[in-house]
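Comments concern the structure below.
Residue numbers (my numbering): 150 to 682.
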């Protein structure tokens with residue numbers, strides 16, 4: 150550990166310089182910044198209400214309820230939750246998660262590359278991984294927390310695949326890292342799968358004991374998928390119960406090769422076409438220089454691992470260009486959930502940074518020093534104006550407590566049962582009388598529960614303003630009701646006779662959620678057993 154102390158100190162110091170803008174008080178304007186604050190706040194609200202794992206929240210979507218954490222990523226908010234429980238504000242918590250995982254991503258890249266090509270190679274690779282324009286775009290322009298956190302786990306997954314040192318510890322780290330990657334951002338996981346596959350194949354073909362390696366890879370994958378089953382199984386099986394994303398969205402957001410080499414920095418959005426884009430899609434000048442050097446070096450110093458990374462880089466570049474539209478049309482939109490081609494920038498900056506470590510190990514000493522200094526200076530120069538936010542604002546928890554949106558730009562997780570008329574109403578009550586006269590008392594309200602007392606002198610019809618999604622259950626005076634048959638505009642309506650009635654609306658895990666929970670618990674037990682044995 151002592152031999153790695155200085156690289157760790159150097160990387161941490163320069164990582165803090167890179168995200169120093171986050172040390173400012175308050176929050177900042179960005180594409181998804183509000184969404185991240187809302188999700189952390191809602192996650193915390195669910196945990197404190199005992200709704201674990203979080204699935205739904207009744208206050209979201211104009212108070213009609215929304216299955217947010219049935220579908221959205223969770224690891225960033227799991228990381229942030231201890232800080233919320235310690236009393237940190239939501240905006241400080243999310244900024245801290247950004248900072249800590251940014252540092253962690255650099256250290257993870259260092260671990261991965263030093264394992265292949267040595268400490269100096271690891272240090273340079275980690276440096277370029279941290280100091281790439283897209284990293285600062287993800288943090289300061291887009292505030293894409295899930296994608297940002299996913300970049301911690303990619304190098305750890307690849308580190309675990311090294312055939313020369315594939316011990317039980319690496320299998321465990323690989324399984325945990327794969328789970329972390331999936332739970333950080335499913336789209337990022339899909340985008341990185343080809344690169345992970347290529348690197349794994351390069352290790353496999355170089356291995357002397359291919360059968361043992363295949364078994365350990367399989368165990369790693371099974372455990373990783375098992376750990377995430379509590380999330381993956383419901384997210385996959387309940388996709389038909391929500392509106393979902395526009396599967397043709399990608400066609401409007403291809404970029405040009407010129408934009409990948411250089412495009413002006415900006416804080417607005419990717420527009421339809423390329424003429425009016427308000428954000429940058431640069432890979433990075435230093436990163437492009439690395440790729441040029443790699444093409445020269447690989448000719449005389451071929452390396453399977455480096456070739457796999459290079460192939461991953463060029464594959465990512467191809468997937469961002471309009472020339473790949475046939476592949477998106479025939480494959481991606483049918484079998485994957487990836488919305489925007491330029492998300493592949495994450496693969497490009499990862500692969501180019503990793504390849505920097507390979508390049509310097511193949512250069513002569515004088516040329517090596519020149520290359521390292523040149524790449525570092527070029528990265529500093531290229532990113533010098535990108536280390537800032539657009540505008541600082543304050544977003545207190547009191548404002549988040551009143552939030553009634555969805556934290557999705559297109560409300561894509563809304564239930565297929567949604568009645569649009571209810572969305573237009575302001576100050577929608579949790580329950581209301583549709584016909585007759587009654588007094589409604591809310592005894593208990595939580596993200597996943599609503600308990601009411603209804604007192605009436607005549608027969609009444611009461612509407613519970615929570616849109617149905619699989620898992621919601623309804624009881625009247627402790628007697629289960631058929632909730633789906635009671636729906637009107639997507640919400641339950643119940644007829645009650647005169648008198649006092651106890652009405653409860655409770656969210657319970659669906660069969661697939663319970664199965665996923667069981668598989669995840671078994672996987673946790675298996676990981677624990679492997680640690681202890």
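All C-beta atoms in this analysis are idealised placements derived from N, C-alpha and C, irrespective of residue type, glycine included.
Everything numeric in this text was worked out from a predicted model, so none of it was measured.
Distance between residue j and residue i (C-alpha atoms, nearest Å)
i	j	result
residue 412	residue 395	27 angstroms
residue 190	residue 336	23 angstroms
residue 591	residue 260	54 angstroms
residue 248	residue 154	20 angstroms
residue 432	residue 308	23 angstroms
residue 601	residue 564	24 angstroms
residue 156	residue 274	11 angstroms
residue 325	residue 195	24 angstroms
residue 292	residue 416	11 angstroms
residue 635	residue 622	11 angstroms
residue 369	residue 454	20 angstroms
residue 562	residue 198	22 angstroms
residue 476	residue 490	11 angstroms
residue 216	residue 380	12 angstroms
residue 328	residue 377	6 angstroms
residue 187	residue 226	10 angstroms
residue 299	residue 334	6 angstroms
residue 494	residue 676	33 angstroms
residue 393	residue 428	26 angstroms
residue 543	residue 449	55 angstroms
Cβ separation of residue i and residue j, assumed to be a contact under 8 angstroms, to the nearest whole Å
i	j	result
residue 611	residue 582	6 angstroms
residue 619	residue 390	6 angstroms
residue 348	residue 310	6 angstroms
residue 219	residue 384	6 angstroms
residue 535	residue 163	In fact, because the Cβ distance is near 14 angstroms, the residues do not count as touching under 8 angstroms.
residue 193	residue 596	Going by Cβ atoms, the distance from residue 193 to residue 596 rounds to 10 angstroms, so no, they are not a contact pair.
residue 423	residue 439	Going by Cβ atoms, the distance from residue 423 to residue 439 rounds to 25 angstroms, so no, they are not a contact pair.
residue 173	residue 541	6 angstroms
residue 546	residue 239	5 angstroms
residue 525	residue 276	6 angstroms
Residue i - DSSP class collapsed to helix/strand/coil
i	result
residue 577	coil
residue 205	coil
residue 464	helix
residue 211	helix
residue 529	helix
residue 518	helix
residue 349	helix
residue 670	helix
residue 475	helix
residue 269	helix
residue 631	coil
residue 591	strand
residue 318	helix
residue 612	strand
residue 586	coil
residue 619	coil
residue 310	coil
residue 437	helix
residue 642	strand
residue 481	helix
Residue i classed as buried or exposed, judged by whether at least 16 other C-beta atoms fall within 10 angstroms
i	result
residue 244	buried
residue 466	buried
residue 235	exposed
residue 211	buried
residue 223	buried
residue 646	exposed
residue 166	exposed
residue 569	exposed
residue 296	buried
residue 706	In this structure the chain extends from 150 to 682, so residue 706 is not present and cannot be described.
residue 606	exposed
residue 358	exposed
residue 593	exposed
residue 578	exposed
residue 680	exposed
residue 483	exposed
residue 397	exposed
residue 426	buried
residue 420	exposed
residue 479	exposed
residue 410	exposed
residue 559	exposed
- Message: Under 8 angstroms: do the stretch 639-651 and the stretch 594-614 share three or more Cβ pairs, one atom per stretch?
- Response: yes
- Task: Flag this pair as touching only if the stretch 263-282 and the stretch 496-513 have three or more C-beta atom pairs under 8 angstroms; answer yes or no.
- Result: yes
- Would you call the stretch 571-589 and the stretch 626-634 in contact, with 3 or more CB pairs under 8 angstroms? no
- Three or more beta-carbon pairs under 8 angstroms between the stretch 310-323 and the stretch 438-447, yes or no? no
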